[in-house]
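A.B. asks:
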Amino acid sequence: MTKFSIITVVWNDCVGATRTMQSVFSQTYQNYEVIVQDGASTDGTSEMLRSFGNWIDSLVIEEDGGIYDAMNRATMRATGDYLVFMNAADYFINPKVLEDVAAAINPDEDDIFTGQAFRDEDGGLHRYRPLEQFWAGSTLDHQASFIRRELMQDLKYDERYKIAGDLHFFTRARLQGARYRSEDLPIVRKPFSVGASTSFVSRINDRLNMLDEAWGDSYPVRDTITKEMRHYAAKTFDVSVDRFADMPIEEMLKLFETWEKRLQALAA
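Residue numbers for the sequence shown follow full-length UniProt numbering, so the first one is 1 and each next one is one higher.
1) Got a sec? Which residues, its chain only, sit under 7 Å from Ser-182 by beta carbon, not counting five neighbours each side?
2) Within 10 angstroms of its Cβ, does Leu-266 collect 16 or more other Cβ (buried), or is it exposed?
3) For the putative contact between Glu-257 and Val-201, defined by C-beta atoms under 8 Å, what is the C-beta separation to the nearest angstrom?
4) Short of 8 Å in beta carbon distance, which residues of its chain neighbour Met-1, apart from the five on each side in sequence? Order them along the chain.
5) Taking the beta carbon of Met-76 as the centre, do at least 16 other beta carbons fall within 10 Å, making it buried, or is it exposed?
6) Examine the Cβ distances between the segment 29–48 and the segment 58–71 and report whether three or more of them are shorter than 8 Å.
7) Check this for me: beta carbons of residue 285 and Glu-99, under 9 Å apart or not?
8) I believe Leu-167 touches Arg-207 by the beta-carbon criterion, under 8 Å. Please report the beta-carbon distance rounded to the nearest angstrom.
9) Where does Asp-111 land, buried or exposed, given buried means 16+ other C-beta within 10 angstroms?
10) Could you please give me the residues that DSSP links to Thr-8 through a beta bridge?
11) Going by other Cβ atoms of all chains shown within 10 Å of its Cβ, with 16 needed for buried, is Asp-120 buried or exposed?
12) Taking Leu-125 as part of the alpha helix (DSSP H), name the residues at either end of that continuous run.
13) For Leu-211, count neighbouring C-beta atoms within 10 Å of its own C-beta (all shown protein chains included) and say buried if the count is 16 or more, exposed if not.
14) If you follow the alpha helix (DSSP H) that Ile-225 is in, where does it begin and where does it stop?
15) If Tyr-68 sits next to Arg-148, beta carbons under 8 Å apart, how far is it from one beta carbon to the other, in whole angstroms?
Printed below as a string of structure tokens:
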């Protein structure tokens with residue numbers, strides 16, 4: 001019987017963490033453990049988590065070096081066959097998620113099993129790249145992915161990445177030969193407008209450099225992302241895509257960086 005380790009990292013999000021825990025405890029499938037890493041919250045989150053008592057199998061409250069450091073710390077306490085990260089404010093979309101995954105997953109073949117993620121903002125299904133375009137960006141959702149424990153504990157997250165650490169992990173896992181499988185199973189509803197990936201320029205830079213290093217010799221990584229960026233820039237600035245026809249991606253990112261700084265100044 002497959003055992004799942006549900007990992008939640010949180011810092012100062014009492015409401016979000018409560019919602020996450022409620023979705024976990026309502027699961028019909030009971031062979032799971034709950035591991036929570038609280039980055040020494042100061043808003044009452046820590047006290048709320050303590051109130052769950054033995055419902056949380058492993059609760060550690062301590063300062064950490066960021067989200068990937070926190071997830072690494074929690075990962076090393078896991079004992080399940082597969083890990084799934086359900087961070088504060090993310091929640092299982094229905095009480096049968098773990099039951100459905102347990103019925104679908106094949107422990108003899110699946111190293112990483114993924115389902116579907118839905119946007120909290122509007123309830124819509126969040127679309128990712130086709131699986132065969134793994135070399136150009138994300139083809140799966142972090143919180144909708146069940147990762148074999150030994151693989152996760154072996155590779156861990158590279159804490160040098162502050163934004164794209166999850167994509168970097170999935171890339172390294174693929175390079176190592178990890179076996180992926182995806183099914184149309186609803187797994188999670190989560191906010192997409194907040195989180196670590198708040199800076200568009202930083203996110204693209206992280207992904208571009210990392211993917212180009214991993215796959216650039218075999219796939220047109222830089223050309224593909226540059227082409228996509230041209231269309232995104234045209235849409236964002238409401239001009240013809242021809243305006244960016246010969247503009248390298250580095251120059252486009254400078255435009256976005258200037259735009260981000262102006263927005264920050266207006267919000268200050």
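Backbone N, C-alpha and C define an ideal beta-carbon position, used for all residues, glycine too.
C.D. replies: In this structure, then:
1) Excluding sequence positions up to five before and after Ser-182, its CB lies within less than 7 Å of the CB of Thr-114, Leu-131 and Leu-140, all in the same chain and listed in chain order.
2) So Leu-266 ends up on the exposed side.
3) Rounded to the nearest angstrom, the Cβ distance from Glu-257 to Val-201 is 5 Å, consistent with a contact under 8 Å.
4) Within the same chain, Met-1 has close Cβ partners Asn-31 and Ala-102.
5) Burial call: exposed.
6) Touching, yes, given that three or more Cβ pairs across the two stretches are closer than 8 Å.
7) This structure leaves residue 285 out entirely; the chain is present only between 1 and 268.
8) Sure, about 6 Å apart at Cβ, within 8 Å.
9) Buried is the call here.
10) Beta bridge pairing from DSSP links Thr-8 with Val-36.
11) The residue is buried, with at least 16 neighbouring Cβ atoms inside 10 Å.
12) Taken as a continuous stretch (DSSP letters only), Leu-125 belongs to no alpha helix (DSSP H), as it is neither H nor E.
13) That one is buried.
14) 221–237 is the extent of the alpha helix (DSSP H) around Ile-225.
15) In fact, because the Cβ distance is near 19 Å, the residues do not count as touching under 8 Å.
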